[in-house]
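Just so you know, we're using my numbering here: the sequence shown kicks off at 27 and counts up by one. Read through the structure below, which is laid out as structure tokens, and then see the notes.
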Amino acid sequence: MKSLNISNAIVAANSYKLDTLQEIEDKILIIRGVQVMIDRDLANVYGVETKRLNEQVRRNIERFPERFMFQLSDNETDKLVASCDRFKTLKHSTSNPYAFTEQGVSMLASVLHSETAVQKSIKIIDAFVAMRRFIQSNAKLFIELDLLRKEISDTNLHLQENDRKIEHILTIMDKYKIEDRQKLFFDGQIYNAFSFMVSLVQKAEKEIILIDNYAGVGTLDVLSKKKENVDVQLFTGKKAKITQSDIDKFNAQYPTITLNYTETFHDRFLILDKGTAYSIGSSVKDAGKRCFAVTQINEEWMVKMVLEKISR
27 MKSLNISNAI VAANSYKLDT LQEIEDKILI IRGVQVMIDR DLANVYGVET KRLNEQVRRN
87 IERFPERFMF QLSDNETDKL VASCDRFKTL KHSTSNPYAF TEQGVSMLAS VLHSETAVQK
147 SIKIIDAFVA MRRFIQSNAK LFIELDLLRK EISDTNLHLQ ENDRKIEHIL TIMDKYKIED
207 RQKLFFDGQI YNAFSFMVSL VQKAEKEIIL IDNYAGVGTL DVLSKKKENV DVQLFTGKKA
267 KITQSDIDKF NAQYPTITLN YTETFHDRFL ILDKGTAYSI GSSVKDAGKR CFAVTQINEE
327 WMVKMVLEKI SR
């Protein structure tokens with residue numbers, strides 16, 4: 027039987043309140059090479075006792091083959107208890123917990139017989155999908171880190187070699203850092219989205235170009251966090267809820283924004299110092315009100331094309 031493998035990137039801390047998608051993602055573990063959730067975490071999401079959840083499963087056991095659900099071994103349970111404080115009571119349990127895969131979660135909705143269970147299962151499955159995409163998009167980083175970790179653990183390596191390896195790991199982590207290259211925000215994460223947009227704006231040293239057809243006063247709130255003496259070119263639509271008067275008031279304290287009108291663009295773009303560019307899935311003033319993504323544009327020719335469009 028394969029040993030328990032719990033990635034630091036997706037192991038929860040101690041919270042036992044699962045209200046948001048992110049909190050559910052934090053409870054997803056990797057055991058026997060697959061993503062699973064433990065029965066007591068699922069029971070907490072559904073608002074039922076773990077005992078009742080497992081009773082319903084046993085009554086419908088034909089619906090739960092091993093690829094849907096399996097019981098942890100003694101060794102796996104011990105490692106789970108050692109890795110996650112919230113499972114410390116399992117140390118004295120006479121029965122090992124059950125782990126449910128994404129398919130098992132989907133089946134649970136049908137045996138718990140409630141609309142709440144259906145809605146909760148949808149949210150959990152969304153979390154499984156988001157976590158799977160995270161792992162797939164960062165597979166190269168995980169592989170490189172794992173290989174380097176094994177090399178560093180070799181007792182024959184000299185201290186100087188260890189230092190070099192560690193520095194290399196930090197370089198890789200910086201290169202593939204998700205927060206700098208891409209970010210996904212869910213509805214309601216208004217402050218997180220605002221904070222992230224501010225962090226991007228603060229990277230500019232000389233100039234910011236923002237293309238956003240629906241710019242508003244909320245857009246100026248983000249731009250006000252820019253570094254001093256950084257100029258801003260704002261391109262927006264004529265129907266945008268922002269006026270030259272708003273710009274003049276902004277410039278009196280945070281110079282200088284130049285307001286431009288364009289109907290050329292549908293998508294929103296943020297370009298820093300005519301080099302680093304991001305595609306933004308939502309108007310900056312509405313960031314966090316709905317689910318949207320921010321993705322860095324790595325192709326130089328795409329950035330040049332956008333710059334050429336606005337220079338015409």
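Quick reminder that beta carbons are idealized off the backbone N, C-alpha and C, glycines included.
Element boundaries [alpha helix (DSSP H), containing residue i]
i	result
Leu3	This structure does not reach residue 3, given that the chain is present from 27 up to 338, and the question cannot be answered.
Ile216	Ile216 to Val227
Leu47	Leu47 to Glu51
Thr262	From DSSP, Thr262 is part of no alpha helix (DSSP H) but of the beta strand (DSSP E) over Asp257 to Thr262.
Lys245	The residue you asked about is not Lys; residue 245 is Thr in the sequence shown. Element bounds for Thr245: Val243 to Leu249.
Thr76	Thr76 to Arg85
Ser305	Element bounds for Ser305: not the alpha helix (DSSP H) but the beta strand (DSSP E), Thr302 to Ile306.
Glu325	No alpha helix (DSSP H) holds Glu325; DSSP gives it neither H nor E.
CA-to-CA distance, residue j to residue i, given in whole angstroms
i	j	result
Ala219	Leu226	11 Å
Trp327	Lys335	12 Å
Arg84	Val62	18 Å
Ile260	Asp238	The identity of residue 260 in the sequence shown is Leu, whereas the question assumes Ile. Those two C-alpha atoms are separated by around 8 Å.
Tyr304	Thr127	35 Å
Phe318	Gln48	15 Å
Ser337	Asn324	21 Å
Pro123	Glu193	40 Å
Ile268	Ser250	15 Å
Lys9	Phe276	The requested residue 9 is not part of the displayed model; the chain covers only 27 to 338.
Arg159	Arg294	24 Å
Gln322	Ile87	47 Å
Val256	Ile306	21 Å
Met223	Lys229	10 Å
Ser121	Glu92	18 Å
Thr245	Val310	6 Å
Phe90	Phe211	33 Å
Lys117	Ala108	9 Å
Asp100	Phe113	14 Å
Asp104	Gln97	13 Å
His292	Ala156	26 Å
Asp299	Lys232	6 Å
Val329	Pro281	25 Å
Ile234	Asp247	14 Å
Ser308	Leu236	12 Å
Ser147	Thr290	42 Å
Range of the contiguous beta strand (DSSP E) that encloses residue i
i	result
Ile283	Ile283 to Tyr287
Val62	Val60 to Ile64
Ile56	Leu55 to Ile57
Phe276	It is not in any beta strand (DSSP E) - Phe276 instead sits in the alpha helix (DSSP H) that spans Gln270 to Gln279.
Glu233	Glu233 to Ile237
Phe295	Arg294 to Leu298
Close Cβ partners of residue i (< 7 Å) along its chain, the five nearest in sequence each way excluded
i	result
Lys264	Tyr287
Ile283	Leu249, Val258, Leu260, Ile273, Phe276 and Asn277
Residues of its chain near residue i, where Cβ-Cβ distance is below 8 Å and the 5 sequence neighbours each way are ignored
i	result
Leu79	Asp65, Leu68, Ala69, Tyr72, Leu134 and Leu138
Val243	Lys267, Ile268, Asp272 and Lys311
Residues near residue i in its chain [Cβ-Cβ closer than 6 Å; skip 5 each side]
i	result
Val60	Thr127
Thr302	none
Val320	Lys209, Tyr304 and Ile306
Length at least 4, wholly inside the region 111-164: the alpha helix (DSSP H) runs in chain order
Within the region 111-164, complete alpha helix (DSSP H) segments of at least 4 residues are found at 128-138 and 141-163, given in chain order.
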